[in-house]
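Mapping the sequence shown onto the UniProt record's numbering, position 109 (from 1) lands on 109, and the numbers just tick up by one. Using N, Cα and C, we set each Cβ at its ideal position, and we do this for glycine too. Nothing here was measured: the structure is a model prediction, and the numbers come from that model.
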Amino acid sequence: MIRITQTKQGLVRGLAAADPYITSFKGVPFAEPPVGELRWRAPQQAKLYEGIKDCFEFAPISMQNTPGEDKEDFYSKEWNLYPEIPMSEDCLYLNIWTPAKATQDKLPVYVWYFGGGLQYGNTAEMEFDGERIARRGIVVVTVNYRINLFGFLAHPELTSENPKAPANFGNLDQKAGLQWVYENIKAFGGDPKQITIGGQSAGGGSVLTQLNDPSNQPYIKRAVVESGMFLSPFHDSPYITLEQAERQGEEFFRILDITSLKEARELPAIYLRDKNRELGFQWWTAIDGVFQKEYYLKNLLTGNILDVPLFFGYTKNEFIEEQNGKKVNTIQLAMAAAVLAMRRTGRHKFSYCYEFALDMPGEDQPGAFHSSDLWFFFETLAKCHRTFTGIHYDLARTMCDSLSAFIRTGNPNKNTKKHSRLPEWKDCHSKNRNLMLFDKEIICKCLDSEEELLFIAESCIGQDQISRIH
1 MIRITQTKQG LVRGLAAADP YITSFKGVPF AEPPVGELRW RAPQQAKLYE GIKDCFEFAP
61 ISMQNTPGED KEDFYSKEWN LYPEIPMSED CLYLNIWTPA KATQDKLPVY VWYFGGGLQY
121 GNTAEMEFDG ERIARRGIVV VTVNYRINLF GFLAHPELTS ENPKAPANFG NLDQKAGLQW
181 VYENIKAFGG DPKQITIGGQ SAGGGSVLTQ LNDPSNQPYI KRAVVESGMF LSPFHDSPYI
241 TLEQAERQGE EFFRILDITS LKEARELPAI YLRDKNRELG FQWWTAIDGV FQKEYYLKNL
301 LTGNILDVPL FFGYTKNEFI EEQNGKKVNT IQLAMAAAVL AMRRTGRHKF SYCYEFALDM
361 PGEDQPGAFH SSDLWFFFET LAKCHRTFTG IHYDLARTMC DSLSAFIRTG NPNKNTKKHS
421 RLPEWKDCHS KNRNLMLFDK EIICKCLDSE EELLFIAESC IGQDQISRIH
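In structure tokens:
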């Protein structure tokens with residue numbers, strides 16, 4: 001087992017996970033702390049250090065509202081968030097779980113971005129512990145990044161200071177983490193030519209944001225998007241222009257009576273966090289003309305996004321409103337957009353679509369809620385407060401097998417274990433627009449005809465948008 005290894009910055013030491021054949025390295029620095037003059041700047045390469053860095057514990061989480069503060073909040077309980085977790089601007093660290101016996105093993109790699117609407121979240125959340133996927137011969141990496149005000153502020157002074165990186169610092173952190181993995185993962189037994197990036201909710205949107213950057217092509221072999229691909233109609237995208245983002249930044253400074261960027265960088269992080277919470281500002285990825293030149297969904301429909309095999313899906317109880325007020329399951333909208341993209345661009349890489357429909361157990365009767373599939377794809381049910389039974393554990397094993405097969409080969413059908421209950425998973429490029437339904441029974445089924453999906457697309461995306469791409 002690899003317990004001590006050499007990165008480009010220095011030696012790191014990990015610990016045996018619960019499974020002694022897996023080594024975890026937690027809190028590995030991939031960039032300089034974004035503090036002081038580095039606040040609201042693109043991430044800088046981590047400096048060299050001497051000695052051995054013990055990577056035994058998660059690093060502090062990104063600045064955000066205190067996790068788990070509201071005990072009645074659904075996700076605070078679901079993810080078992082606790083207010084005492086350390087928090088700091090010094091947050092650019094990643095975590096690695098590796099089953100490699102030697103650095104020459106060349107195992108496939110899975111790089112994960114957490115969700116949370118770009119406003120909250122962290123890599124220490126128990127639902128995406130990487131050990132179970134690592135048991136399947138994969139090196140798992142979870143990347144922390146700046147969020148909310150600290151990761152996505154824009155302001156005219158920032159644009160003047162560095163026109164090449166005026167905004168989207170949290171997304172640039174994600175990219176820096178990916179580049180670090182590409183440059184260093186051999187030291188952990190990983191293959192830099194076999195990197196799959198994945199994420200859920202805003203982390204899934206972040207995956208598409210990274211695919212929307214052509215310079216990422218050398219780093220990404222495949223992609224996984226869970227509960228996060230098409231959660232907003234095209235006419236109400238979560239992206240904003242740089243000018244809109246700058247105006248929001250100016251308004252934030254005006255309310256706080258901040259007269260310059262220099263003054264803002266000198267303010268305590270806790271003060272800025274608390275004022276942001278008090279004022280209720282939300283901060284998003286912006287079309288900055290550099291890192292993001294267009295909204296990723298539009299580029300998907302015009303073929304201007306990295307063409308890699310894609311594994312994507314949703315949970316049963318995720319819905320979106322059409323323009324006429326009716327609700328459409330987001331899986332239908334995702335498939336509709338995929339139909340449009342294939343019709344317009346002839347994209348050829350295989351994509352595999354799923355719907356997670358198994359109701360979660362519990363007195364609250366939550367159904368198959370947003371991101372509930374995480375417990376199953378990472379096979380971390382034992383860490384959840386819910387009382388699961390055999391059917392849940394069997395399904396989790398199968399779902400984790402299928403995801404792991406995709407990470408290894410680009411096909412969820414390949415190399416699955418003999419005990420797998422997975423029927424043949426047909427890709428969604430075939431005539432009948434197939435998806436895998438994960439429920440009490442696992443079924444590969446046809447979602448809708450192409451004509452029905454195009455009708456859904458027109459309802460949700462808007463006929464004017466459809467006309468522009470045909």
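Other residues of its chain near residue i: CB distance less than 8 angstroms, five sequence neighbours each side excluded
i	result
residue 82	67, 68
Residue i to residue j span [Cα, whole Å]
i	j	result
residue 39	residue 386	40 angstroms
residue 6	residue 317	45 angstroms
residue 78	residue 160	43 angstroms
residue 55	residue 85	17 angstroms
residue 164	residue 195	26 angstroms
residue 117	residue 440	30 angstroms
residue 252	residue 132	43 angstroms
residue 4	residue 162	38 angstroms
residue 271	residue 99	42 angstroms
Inter-residue CB distance, residue i and residue j (contact presumed, cutoff 8 angstroms)
i	j	result
residue 213	residue 291	6 angstroms
residue 95	residue 139	So it is not a contact: roughly 11 angstroms between Cβ atoms.
residue 91	residue 60	6 angstroms
residue 309	residue 351	7 angstroms
According to DSSP, residues forming a beta bridge with residue i
i	result
residue 93	29
residue 434	446
residue 16	23
residue 120	According to DSSP, which records beta bridges pairwise, residue 120 is partnered with nothing at all.
residue 53	12
residue 492	This structure does not reach residue 492, given that the chain is present from 1 up to 470, and the question cannot be answered.
residue 226	200, 313
residue 478	Look at the range of the chain in this structure, 1 to 470, and you will see that residue 478 is not part of it.
residue 355	314, 437
residue 170	Per DSSP, none; premise fails for residue 170.
residue 240	286
residue 98	23
residue 5	12
Same chain, Cβ closer than 6 angstroms to residue i, five either side skipped, listed in chain order
i	result
residue 372	315, 360
residue 180	30
residue 236	Residue placement at residue 236 is poorly supported in this model, since its pLDDT is 45, which falls under 50; the coordinates still yield a value, given next. Excluding residues within five positions, none has a Cβ falling inside 6 angstroms.
residue 206	113, 174, 199
residue 396	376, 379, 381
residue 277	65
residue 383	126
residue 273	63
Cβ-based burial, residue i [other Cβ within 10 Å; buried from 16]
i	result
residue 268	exposed
residue 401	buried
residue 143	buried
residue 37	exposed
Same chain, Cβ closer than 7 angstroms to residue i, neighbours up to 5 away in sequence not counted
i	result
residue 8	183, 184
residue 80	126, 385
residue 168	152, 285, 286, 288, 291, 292
residue 70	76
residue 187	5, 6, 7, 103
residue 19	131, 135
heavy atom of the ligand MN below 7 angstroms from residue i C-beta
i	result
residue 89	With respect to small molecules bound, the structure shown includes none, and the ligand MN cannot be examined in it.
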